[in-house]
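For the sequence shown, the numbering used here begins at 90 and goes up steadily by one. C-beta atoms are modelled at their ideal positions from N, C-alpha and C, and glycine is treated no differently. Because the structure is a prediction, the values reported are computed rather than measured.
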Amino acid sequence: MSRFLSNKYASLEPYTPGEQPKTRVLTKLNTNESPFPPMPEVIEAVKKEAEILQLYPDPDCTELRKALAARFEVDTDMIICNNGSDETLYFAFLAYCDAGTPAVFPKLSYGFYPVFADITGISFREIPLKSDLSIDPQDYYDAGGTVFIANPNAPTGIPLSRNQIEDILKHNPGNVVVVDEAYVDFGTESAVPLTKLYDNLLVVQTFSKSRSMAGMRLGYGIASPEIISDLNALRYSTNPYNIDRLAIAAGVASLENDEVNKDHCRTVMENREYTVEQLKALGFEMTDSTANFIFVRHPGIGGDVLFQKLRERGVIIRHWFKPELNDYNRITIGSREQMDILLTEVKDVLKEAGI
Ligand code: PMP
């Protein structure tokens, strides 16, 4: 147990499971999925594993955790696998927030954070972004609660450097800092190396985006063995078999071929630079995103109008119907073909609006 675990979980007796010997017609650019299908090796591994689905999966995900430990050069006991990074985040809210320890996160960030706070019955403090929509690490000094930072942030795509994350860690020695790296593989410095140095850091990553497996629901956390042990106590008290056999097999196969994933990320990053250039030439303004999405607005047309007009043309992007976000849309970066369809339709909408 770490020094951070909420008292309400201090005497938890986790469940001990019995021993298990070991009409796509739309251009969908709204939920940051990969444009690449899973690689053949992943599909093969899943098919093979499907033949033994009558057996429960390994609740410790031993093989997958070993593969992740090798990939990130950390010990296996510094890794937990979960059902998407959402589940890792949920466990972090359960473990490290309570009446005396609120959650602290940016005012504009991943929309699930306030929801997790609500469902776990804890209060939260939202810190406004700077006027350029970036995060100021100094705003998180002595945050007085458990800090949740998406890096790069969502939906802005703006990153913090590893040094800036370290700055936040150093200024919160008494609290856990959760760094949500769902989009880290598209050009952001990861905080994983800091997990060996700071016992208050939990890094959360996922197979959903950069590894083309959003449909599989596979995420993981990397932290000190004590934090991982806290999170495991919660996992074993809720759903020890949270990762199924197919996901474990797919995850291992994906990591065995991680160079292919890296290539795919490079292509997405090239497509991002291409799309940014083209949209800027059309008068769009945007943040400097290092994610597989961009956050854009156009001085001549409302974000809601653009969203609706593109939708009518079969291109789905993400809009939030909130007054403060009315100007903006978030656009997932897909294949070059998808981006060209988007650009054609955007030009058509602008032309129709007389811009
Ligand atoms: N964090 C952020 C910032 C996200 O945008 C998402 C995806 N919606 C997640 C975490 C969750 O991803 P997943 O559960 O698919 O791993």
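* Could you pull out every unbroken beta strand (DSSP E) segment of at least 3 residues lying fully inside the region 278 to 307, listed in chain order? => 290 to 295
* Asked: Would you say A239 touches ligand 1, meaning its beta carbon is less than 8 angstroms from a heavy atom?
  -> As a first step, residue 239 must be located in the sequence shown, where it is residue number 150. Correct: A239 has its Cβ closer than 8 angstroms to ligand 1.
* Measuring CB to CB, does V267 end up less than 9 angstroms from F296? -> Mapped onto the sequence shown, residue 267 falls at position 178. Mapped onto the sequence shown, residue 296 falls at position 207. No, these two residues do not count as a Cβ contact at 9 angstroms.
* State buried or exposed for A99, treating a residue as buried only when at least 16 other CB atoms are found within 10 Å of its CB. => The residue you call residue 99 lines up with position 10 of the sequence shown. A99 comes out exposed.
* Status (buried if at least 16 other CB within 10 Å, exposed otherwise) for Y202 -> Position 113 of the sequence shown holds residue 202. Label assigned to Y202: buried.
* Asked: By Cβ distance, which residues of its chain are closer than 6 angstroms to S318, with the 5 residues on each side in sequence left out?
  -> Looking up residue 318 in the sequence shown gives position 229. Contacts found: none.
* To do: Tell whether a beta-carbon distance below 9 angstroms holds between P126 and L197.
  => Within the sequence shown, numbered from 1, the residue matching residue 126 stands at position 37. Within the sequence shown, numbered from 1, the residue matching residue 197 stands at position 108. Not in contact: P126 and L197 (Cβ atoms no closer than 9 angstroms).
* To do: Taking only heavy atoms of ligand 1 into account, decide whether any of them is closer than 8 angstroms to the Cβ of S189.
  => Position 100 of the sequence shown holds residue 189. Checking the sequence, you will find Gly at residue 189 rather than Ser. No; taking the cut-off as 8 angstroms, the Cβ of G189 has no heavy atom of ligand 1 nearer than that.
* Using the rule of at least 16 other Cβ atoms within 10 Å of the residue's Cβ for burial, across every protein chain shown, is M90 buried or exposed? -> Against the sequence shown, residue 90 aligns to sequence position 1. That one is exposed.
* Quick one: grab the DSSP three-state call for A243. => On the sequence shown, position 154 is the one that residue 243 refers to. Here A243 sits in coil by DSSP.
* Asked: Between the region 271 to 283 and the region 127 to 138, are three or more C-beta pairs nearer than 8 angstroms?
  -> no
* To do: Could you tell me the distance, in whole angstroms, from the CA atom of L178 to the CA atom of I216?
  => The residue labelled residue 178 in the question sits at position 89 within the sequence shown. The residue labelled residue 216 in the question sits at position 127 within the sequence shown. Their Cα atoms are separated by approximately 19 angstroms.
* If you scan the region 319 to 400 from start to end, which runs of the beta strand (DSSP E) of 3 or more residues do you find wholly inside it? -> 382 to 386
* To do: In the DSSP assignment, find the alpha helix (DSSP H) that holds A158 and state where it starts and stops.
  => Indexing the sequence shown from 1 puts residue 158 at position 69. 151 to 161 is the extent of the alpha helix (DSSP H) around A158.
* **Contact the region 145 to 159 vs the region 322 to 334: 3+ CB pairs below 8 angstroms** => yes
* **Check: Y199 C-beta below 8 angstroms from any heavy atom of ligand 1** => Position 110 of the sequence shown, counting from 1, holds the residue named residue 199. Yes, the beta carbon of Y199 sits closer than 8 angstroms to at least one heavy atom of ligand 1.
* To do: Determine the burial state of D433: buried for a count of at least 16 other Cβ atoms within 10 Å of its Cβ, exposed for fewer.
  => As a first step, residue 433 is located in the sequence shown; it is residue number 344 there, counting from the start. Before going on, a small fix: residue 433 reads as Thr here, not Asp. Exposed.
* Asked: How many whole angstroms separate the CB atoms of Y272 and N381, which I take to be in contact at a CB cut-off of 8 angstroms?
  -> Here residue 272 refers to the residue found at position 183 of the sequence shown. Here residue 381 refers to the residue found at position 292 of the sequence shown. Going by Cβ atoms, the distance from Y272 to N381 rounds to 6 angstroms, so yes, they are a contact pair.
* To do: May I ask you to report which of helix, strand or coil DSSP gives K436?
  => Against the sequence shown, residue 436 aligns to sequence position 347. In this structure, K436 counts as helix in the three-state DSSP scheme.
* Asked: Where do the N-terminal and C-terminal ends of the alpha helix (DSSP H) with E215 fall, by residue?
  -> Along the sequence shown, one-based indexing puts residue 215 at 126. E215 -> not in any alpha helix (DSSP H); beta strand (DSSP E) instead, spanning 213 to 216.
* To do: Out of G210, T421, L335, point me to the one whose CA is closest to E122's CA.
  => As a working note, residue 122 is residue 33 in the sequence shown. Out of G210, T421, L335, T421 has the C-alpha closest to the C-alpha of E122.
* To do: Answer yes or no: the CB of R306 versus the heavy atoms of ligand 1, is any distance below 8 angstroms?
  => On the sequence shown, position 217 is the one that residue 306 refers to. At least one heavy atom of ligand 1 is nearer than 8 angstroms to the Cβ of R306, so yes.
* Could you tell me whether any non-hydrogen atom of ligand 1 is closer than 8 angstroms to the CB of T245? => Working through the sequence shown from its first residue, we reach residue 245 at position 156. Not under cutoff, so the answer is no.
* Start and end residues, alpha helix (DSSP H) containing P203 -> In the sequence shown, residue 203 corresponds to position 114, counting from 1. Counting along the chain, the alpha helix (DSSP H) containing P203 begins and ends at 201 to 208.
* With DSSP as the reference, label A54 as helix, strand or coil. => Absent from the model: residue 54. The displayed extent of the chain is 90 to 444, so no value can be given.
* To do: Would you check if the distance between the CB atom of C186 and the CB atom of F161 is smaller than 9 angstroms?
  => If you number the sequence shown from 1, residue 186 lands on position 97. If you number the sequence shown from 1, residue 161 lands on position 72. The answer is no: Cβ separation not under 9 angstroms.
* Can D207 be considered in contact with ligand 1, in the sense that its beta carbon sits closer than 8 angstroms to one or more heavy atoms? -> Here the question's residue 207 lines up with position 118 in the sequence shown. D207 Cβ: outside cutoff for every heavy atom of ligand 1.
* **DSSP-derived helix/strand/coil call for A271** => Counted from its first residue, the sequence shown places residue 271 at position 182. In this structure, A271 counts as coil in the three-state DSSP scheme.
* Asked: For the candidate residues N360, E374, D333, whose alpha-carbon lies nearest to that of E152?
  -> Taking the first residue of the sequence shown as 1, we reach residue 152 at position 63. When only C-alpha atoms are compared, the closest one is D333.
* **Between the CA atoms of F182 and A192 - distance to the nearest angstrom** => Position 103 of the sequence shown, counted from the start, is the residue given in the question as residue 192. Position 93 of the sequence shown, counted from the start, is the residue given in the question as residue 182. The alpha-carbon atoms of A192 and F182 are separated by roughly 8 angstroms.
* Which class does D164 belong to by DSSP, given the choice of helix, strand or coil? -> On the sequence shown, residue 164 is found 75 positions in, with the first residue counted as 1. D164 falls in the coil class under three-state DSSP.
* Asked: Given A232, which residues of its chain have a CB within under 6 angstroms of its CB, disregarding the five upstream and five downstream residues?
  -> Numbered from its first residue, the sequence shown carries residue 232 at position 143. Result list for A232: V193, N261, in chain order.
* To do: Say yes only if the C-beta of D164 is nearer than 8 angstroms to one or more non-hydrogen atoms of ligand 1, and no if none qualify.
  => Counted from its first residue, the sequence shown places residue 164 at position 75. Result no, Cβ not under 8 angstroms from ligand 1.
* Asked: Using the C-alpha atoms, what's the distance from N119 back to E413?
  -> Stepping through the sequence shown from its first residue, residue 413 is reached at position 324. Stepping through the sequence shown from its first residue, residue 119 is reached at position 30. Approximately 19 angstroms between the Cα atoms of the pair.
* Asked: Bridge partners of N418, per DSSP?
  -> What you label residue 418 is simply residue 329 of the sequence shown in a count that begins at 1. In the DSSP output, where bridge partners are listed per residue, N418 has V385.
* What is the rounded straight-line gap between the Cα of Q456 and the Cα of G234? -> This structure does not reach residue 456, given that the chain is present from 90 up to 444, and the question cannot be answered.
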